[in-house]
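Chemist: Quick one: this structure, given as structure tokens, is what I'll be asking you about.
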């Protein structure tokens, strides 16, 4: 499920009307913190999302919060906002993907979370646990992307590591020009087949994903 669909679900849950459907992307800044347990095994990852100002204003307004557009909400409103993007449907995988040697590593759904709205920006933070353990002797990868590319995620800074001091974490950007060319080709294929760009937008999100590569000293 894309963030737009989360937004629709949130609106419905609060008895609000459906938002207008359009295809400019939602932009989300991402911060990651990789958590290791007391034995030095990777336990999970804290994922922080900071939504773009337009989406923040739209969602907060449609939820009936901050009616005066001050960019701030009360503690009572903050409690009502809590978990607004954590009600995931069954086939939504959270847009955070863990892999090792190209094979997926299963992540749990969110087990802890918090959300806030300050200075006109909507933020949320959640913890997901690694259900599959990566081989500690090999590098593994985290990537944050919406497969449909409705939402554009960008990693901010270098992800943090909690619980170990012997790990290297590096962020790699995709080749933007190659990704753009591949998306253009996919869109041309949709149009050539008589498809609708909005309804049949190709799953190109992975092309634009930044990779976080994690390697630690083998035990």
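Residue numbers (mature numbering (1 follows the signal peptide of the UniProt record, and there is no 0)): -22 to -1, 1 to 197. Backbone N, C-alpha and C fix where the C-beta goes; we use that ideal spot for every residue, glycine too. Quick caveat, the model's predicted, so the values are computed rather than measured.
Taking only the alpha-carbon atoms, compute the straight-line gap between residue 86 and residue 106 and give it to the nearest angstrom.
Modeler: In the chain shown, the residue the question calls residue 86 occupies position 108. In the chain shown, the residue the question calls residue 106 occupies position 128. Distance between the alpha carbons of residue 86 and residue 106: 5 Å.
Chemist: Mark residue 196 as exposed unless 16 or more other C-beta atoms lie within 10 angstroms of its C-beta, in which case mark it buried.
Modeler: Stepping through the chain shown from its first residue, residue 196 is reached at position 218. Exposed, since its Cβ has fewer than 16 Cβ neighbours within 10 Å.
Chemist: Quick one, which of 120, 10, 124 and 90 has its alpha-carbon nearest residue 69's?
Modeler: Looking up residue 69 in the chain shown gives position 91. It is 124.
Chemist: I'd like to know whether the C-beta atoms of residue 18 and residue 49 end up nearer to each other than 9 Å.
Modeler: Here residue 18 is taken as the residue at index 40 of the chain shown, counted from 1. Here residue 49 is taken as the residue at index 71 of the chain shown, counted from 1. No, the Cβ-Cβ distance between residue 18 and residue 49 is not below 9 Å.
Chemist: Might you give, ordered along the chain, the residues of its own chain that have their beta carbon closer than 7 Å to the beta carbon of residue 181, omitting 5 neighbours on each side?
Modeler: Within the chain shown, residue 181 is the residue found at index 203, counting from 1. 125 and 126.
Chemist: Count the other CB atoms within 10 Å of the CB of residue 150; is the residue buried (16 or more) or exposed (fewer)?
Modeler: Here residue 150 refers to the residue found at position 172 of the chain shown. Residue 150 is exposed by the Cβ-count criterion.
Chemist: Please list the segments of the alpha helix (DSSP H) lying wholly inside the segment 137 to 181, counting only runs of 4 or more residues, in order along the chain.
Modeler: With a minimum length of 4 residues, the continuous alpha helix (DSSP H) runs that stay inside the segment 137 to 181 are 154 to 170.
Chemist: Kindly give me the distance between the Cβ atoms of residue 7 and residue 134, rounded to whole angstroms, as I take these residues to be in contact under 8 Å.
Modeler: Position 29 of the chain shown, counted from the start, is the residue given in the question as residue 7. Position 156 of the chain shown, counted from the start, is the residue given in the question as residue 134. The Cβ separation is near 5 Å, so the contact holds.
Chemist: Alpha carbons only, please: which of 170, 168, 156 and 167 is nearest the one belonging to residue 186?
Modeler: For the purposes of this step, residue 186 is identified with residue 208 of the chain shown, where counting begins at 1. Closest by alpha carbon: 156.
Chemist: Is it buried or exposed for residue 153, if we count other Cβ within 10 angstroms and need 16 for buried?
Modeler: Along the chain shown, read from residue 1 onward, the residue named residue 153 stands at position 175. Exposed.
Chemist: Along the chain, where does the beta strand (DSSP E) containing residue 16 start, and where does it finish?
Modeler: Position 38 of the chain shown, counted from the first residue, corresponds to residue 16. Element bounds for residue 16: n/a, residue is neither H nor E.
Chemist: Going straight from the alpha carbon of residue 235 to that of residue 25, what length do you get?
Modeler: The structure shown does not extend to residue 235, since the chain spans only -22 to 197, so no value can be given for it.
Chemist: Would you say residue 122 and residue 75 are within 9 Å of each other, going by their C-beta atoms?
Modeler: Translated into positions along the chain shown, residue 122 becomes position 144. Translated into positions along the chain shown, residue 75 becomes position 97. Yes.
Chemist: What do you get for residue 183, buried or exposed, if any count of 16 or more other CB atoms within 10 angstroms of its CB means buried?
Modeler: As a first step, residue 183 is located in the chain shown; it is residue number 205 there, counting from the start. Residue 183 is buried by the Cβ-count criterion.
Chemist: Does DSSP put residue 122 in a helix, a strand or coil?
Modeler: As a working note, residue 122 is residue 144 in the chain shown. Residue 122: strand per DSSP, three-state reduction.
Chemist: Taking the C-alpha atoms as reference points, what is the distance between residue 159 and residue 45?
Modeler: Translated into the one-based positions of the chain shown, residue 159 becomes position 181. Translated into the one-based positions of the chain shown, residue 45 becomes position 67. Between residue 159 and residue 45, the C-alpha separation is close to 43 Å.
Chemist: Would you mind sorting residue 82 into buried or exposed? The rule is 16 or more other CB atoms within 10 Å of its CB.
Modeler: Along the chain shown, read from residue 1 onward, the residue named residue 82 stands at position 104. So residue 82 ends up on the exposed side.
Chemist: Distance check for residue 94 and residue 114, CA to CA, integer angstroms please.
Modeler: Numbered from 1 along the chain shown, position 136 holds the residue referred to as residue 114. Numbered from 1 along the chain shown, position 116 holds the residue referred to as residue 94. Cα to Cα, the separation comes out at about 35 Å.
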